[in-house]
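Enquirer:
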Amino acid sequence: MSVGAAELVDALRASGRHRATGVPCGHLAGPWELYDRAGDLVPAPDEGAALAIAAGWELGGTPGVVLCQNSGFGNLVNPLTSLVLACRIPVTVLMTLRGWPDPATDEQQHEVMGAATPALLRTLGVPHAVLAGGVAGPGEGVDVATLLAEADAARADGLPFVGLVPRGAIGKVGAPASLPGDGPTRSSVVAALMDRIGDALLVTTTGYLSRQAHHERDRDRTFYMQGSMGHAAAIGLGLAQAHPDERVVVLDGDGALLMHLGTGAAIGSLPLANLVHVVVDNGCYESTGAQRSTSAHLDWPALGRGLGYRRVHYADSTAEVPDVLDAAFAATGPVLCVLRTVPTPDDVHPRASSGSGLPQLTDRFRVGVRGVAQAAGGVGS
Ligand SMILES: Cc1ncc(C[n+]2csc(CCOP(=O)(O)OP(=O)(O)O)c2C)c(N)n1
Numbered sequence: 087m088s089v090g091a092a093e094l095v096d097a098l099r100a101s102g103r104h105r106a107t108g109v110p111c112g113h114l115a116g117p118w119e120l121y122d123r124a125g126d127l128v129p130a131p132d133e134g135a136a137l138a139i140a141a142g143w144e145l146g147g148t149p150g151v152v153l154c155q156n157s158g159f160g161n162l163v164n165p166l167t168s169l170v171l172a173c174r175i176p177v178t179v180l181m182t183l184r185g186w187p188d189p190a191t192d193e194q195q196h197e198v199m200g201a202a203t204p205a206l207l208r209t210l211g212v213p214h215a216v217l218a219g220g221v222a223g224p225g226e227g228v229d230v231a232t233l234l235a236e237a238d239a240a241r242a243d244g245l246p247f248v249g250l251v252p253r254g255a256i257g258k259v260g261a262p263a264s265l266p267g268d269g270p271t272r273s274s275v276v277a278a279l280m281d282r283i284g285d286a287l288l289v290t291t292t293g294y295l296s297r298q299a300h301h302e303r304d305r306d307r308t309f310y311m312q313g314s315m316g317h318a319a320a321i322g323l324g325l326a327q328a329h330p331d332e333r334v335v336v337l338d339g340d341g342a343l344l345m346h347l348g349t350g351a352a353i354g355s356l357p358l359a360n361l362v363h364v365v366v367d368n369g370c371y372e373s374t375g376a377q378r379s380t381s382a383h384l385d386w387p388a389l390g391r392g393l394g395y396r397r398v399h400y401a402d403s404t405a406e407v408p409d410v411l412d413a414a415f416a417a418t419g420p421v422l423c424v425l426r427t428v429p430t431p432d433d434v435h436p437r438a439s440s441g442s443g444l445p446q447l448t449d450r451f452r453v454g455v456r457g458v459a460q461a462a463g464g465v466g467s
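Counting in the working numbering, the sequence shown runs without a single skipped number right up to 467 at its last residue.
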């Protein structure tokens, strides 16, 4: 039996946890939405920042809860060990379990972390419990009251607590209200990008953008980065250095870019003439349920210039997209090209890996990279 999102949030509030922060996961969409509707949610750029925000609340005497997915566990290990455990700041985390209990029933990128999550928590000495319901299976896990009692017991000892949330353990609420309706869409801007891609090397970010690029045109010179959220631009940086004579394009999301924004400063510090960094800013984390990101107030041209990109191109209307992409492809990089779109969360396509293993897709990309380098007489073997 799953717990209702409202019942869970009521219990969290009754235990004094009146604020939430984190990075969204579709399996936590209900409580995320309810805290946000009440004005009590801070979308964090990454899970480590979320833990630190909650540590700040805790230090200020107003505890909250971190909502996240175990794919972000790695992001929060540093502040978990060197801040929260070291200083004994008892932060509460609700972390969804992707790739668990049977990795074969989830996406390939979750396999390693799915099996490792409970073991890592044990190794770190972090009290944790699995919430009953969903794929935990009958008789597995504890109910919300027990979970929060364990969290409070950990708090009394100055320890953090992680409630592990299996798929389906928490009920959903309605989708975020009033998605804007007019303007460029993911499908229209990715189609326009793929029309211009030629034989460039392309790295696509986690989530729906990778799926869309695969749907528009599957190619062996596209690296579909399905996990590793926020690192597409870093892979692009590396590829652009490895192949300075080839154009390298990164297709990024606003949430992913903001997760590791510092990579933009690294790109801006380098003479990467061949790098075009395209960001599709839909104002939300569309792939996990279109929860708002924090991009709405950003001045992208100023941000791009400030990071050091040689050129910044920006479009927020359908009419501008072709010219802006043409200009980005004609310029000497590193170029930042931001396309503001309206969310279309119902337009979903299969993952690149739906018919193939991630290692096989990666090998295919390696061969694709070598192919053009060899034809041009470059280093290919
Ligand atoms: C470290 C980490 N945290 C959370 C997730 C879950 N997740 C997968 S896709 C996604 C949203 C990505 O948002 P954005 O980059 O804006 O692209 P969009 O989904 O809007 O196309 C999230 C939060 C993840 N895969 N990895």
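The C-beta atom is built at its ideal place from N, Cα and C for all residues, glycine as well.
Since the model is a prediction, treat every value here as computed from it, not as a measurement.
What's the C-alpha gap between His329 and Ala239?
Expert: Those two C-alpha atoms are separated by around 55 Å.
Enquirer: Looking only at its chain, what residues have a beta carbon closer than 6 Å to the beta carbon of Leu98, apart from the 5 residues adjacent to it on each side?
Expert: Excluding residues within five positions, the ones whose Cβ falls inside 6 Å are Val151.
Enquirer: Excluding the five sequence neighbours on either side, which residues of its own chain have a C-beta within less than 8 Å of the C-beta of Val428, listed in chain order?
Expert: Excluding positions up to five away in sequence, the list reads Leu265, Pro266, Gly267, Asp268, Gly269, Pro270, Thr271 and Asn368.
Enquirer: Tell me the start and end of each unbroken beta strand (DSSP E) in the region 249-337 that is at least 3 residues and wholly inside, in chain order.
Expert: List check, beta strand (DSSP E) in window: 287-290 and 308-310.
Enquirer: Taking only the alpha-carbon atoms, compute the straight-line gap between His104 and Thr232 and give it to the nearest angstrom.
Expert: C-alpha separation (whole angstroms): 19 Å.
Enquirer: For Gly244, collect the residues of the same chain with a Cβ closer than 7 Å to its Cβ; drop the 5 residues on either side in sequence, then sort them by chain order.
Expert: Closer than 7 Å at the Cβ level, and outside the excluded window around Gly244, lie Arg174 and Pro176.
Enquirer: Measure the CB-CB distance between Val251 and Leu207 and report whether it falls below 7 Å.
Expert: It is not a contact, given that the beta carbons lie outside the stated cut-off.
Enquirer: Helix, strand or coil: which one does DSSP assign to Gly176?
Expert: Checking the sequence shown, residue 176 turns out to be Pro, not Gly. Looking at Pro176 - three-state DSSP - the assignment turns out to be coil, as it is neither helix nor strand.
Enquirer: Val366 to Ala215, Cα distance in whole Å?
Expert: If you take the alpha carbons of Val366 and Ala215, they lie about 37 Å apart.
Enquirer: Measure the C-alpha to C-alpha separation of Tyr400 and Ser274 and round it to an integer number of angstroms.
Expert: Spanning the two alpha carbons is a distance of roughly 16 Å.
Enquirer: How would you label Pro420, buried or exposed, when you count the other beta carbons within 10 angstroms and need 16 or more for buried?
Expert: With 16 or more other Cβ atoms within 10 Å, it is buried.
Enquirer: Ligand 1 and Ser439: does any heavy atom of the ligand fall closer than 6 Å to the residue's C-beta?
Expert: Ser439: no, Cβ never under 6 Å from ligand 1.
Enquirer: Looking at the secondary structure, which residues open and close the beta strand (DSSP E) in which Gly150 lies?
Expert: From DSSP, the beta strand (DSSP E) with Gly150 extends over Gly150 to Gln155.
Enquirer: Along the chain, where does the beta strand (DSSP E) containing Asp367 start, and where does it finish?
Expert: Start and end: Leu361 to Asp367.
Enquirer: Given the structure, does Pro187 come close to ligand 1, in the sense that its CB is under 6 Å from one of the ligand's heavy atoms?
Expert: For ligand 1, not one heavy atom lies less than 6 Å from the Cβ of Pro187.
Enquirer: Is DSSP giving Thr182 helix, strand or coil here?
Expert: Three-state result, Thr182: strand.
Enquirer: If we count the other Cβ atoms within 10 Å of its Cβ and call it buried at 16 or more, is Asp285 buried or exposed?
Expert: Burial call: exposed.
Enquirer: According to DSSP, Val421 sits in a beta bridge with which residue or residues?
Expert: According to DSSP, which records beta bridges pairwise, Val421 is partnered with Val362 and Arg397.
Enquirer: Out of Thr148, Arg184 and Ala416, state which residue places its alpha-carbon closest to the alpha-carbon of Phe159.
Expert: Here the closest residue by C-alpha is Arg184.
Enquirer: Among all the DSSP beta bridges, which residues are the ones paired with Arg378?
Expert: The partner list for Arg378 (beta bridge, DSSP) reads Cys370.
Enquirer: Beta-carbon within less than 6 Å of Ala318's beta-carbon, same chain only, minus the 5 sequence neighbours each way: which residues are those?
Expert: So the qualifying residues of the chain are Val289, Thr291, Met311, Val336 and Asp338.
Enquirer: Between Gly348 and Tyr395, is the Cβ-Cβ spacing less than 7 Å?
Expert: Not closer than 7 Å, so no.
Enquirer: Terminal residues of the continuous alpha helix (DSSP H) containing Val198?
Expert: Start and end: Glu197 to Leu210.
Enquirer: Do His346 and Gly316 have their CB atoms nearer than 7 Å?
Expert: Contact: yes.
Enquirer: Measuring CA to CA, which of Phe309, Gly392, Ser314 and Arg397 is closest to Gln446?
Expert: Residue Phe309 is the option with its Cα nearest to Gln446.
Enquirer: Leaving out five residues before and five after Ser379 in sequence, what residues of the same chain have Cβ atoms less than 7 Å from its Cβ?
Expert: Result list for Ser379: Pro129, Asp340, Gly341, Leu344, Gly369, Cys370 and Tyr371, in chain order.
Enquirer: When you compare the CB positions of Pro117 and Val95, do they come within less than 7 Å of one another, or not?
Expert: Yes; because the gap between Cβ atoms is below 7 Å, this pair is in contact.
Enquirer: Do Ser88 and Ala255 count as a contact pair if the criterion is CB distance below 7 Å?
Expert: Yes, they are a contact pair.
Enquirer: Roughly how many angstroms separate the alpha carbons of Thr448 and Thr148, rounded to a whole number?
Expert: Distance between the alpha carbons of Thr448 and Thr148: 46 Å.
Enquirer: So Thr232 is in the alpha helix (DSSP H); what residue range does that whole segment cover?
Expert: Here the alpha helix (DSSP H) through Thr232 covers Val230 to Ala242.
Enquirer: Take Ala376 as the anchor and find which of Val170, Ala138, Leu217 and Gly260 has the nearest alpha-carbon.
Expert: Here the closest residue by C-alpha is Gly260.
Enquirer: Would Gly38 and Leu153 be called neighbours here (beta carbons separated by less than 7 Å)?
Expert: Any answer about residue 38 is impossible in this case: the structure gives the chain only from 87 up to 467.
Enquirer: Spell out the partners DSSP gives Phe247 in its beta bridges.
Expert: Answer by DSSP bridge pairing, in chain order: Thr178.
Enquirer: For Ala141 versus Leu169, is the C-beta spacing smaller than 7 Å?
Expert: In this structure, Leu169 lies closer than 7 Å to Ala141 by Cβ.
Enquirer: Does the Cβ of Asn164 have 16 or more other Cβ atoms within 10 Å, making it buried, or fewer, making it exposed?
Expert: Result: exposed.
Enquirer: Closer than 6 Å: is that where the CB of Glu193 sits relative to any heavy atom of ligand 1?
Expert: Answer for Glu193: no, Cβ out of range of ligand 1.
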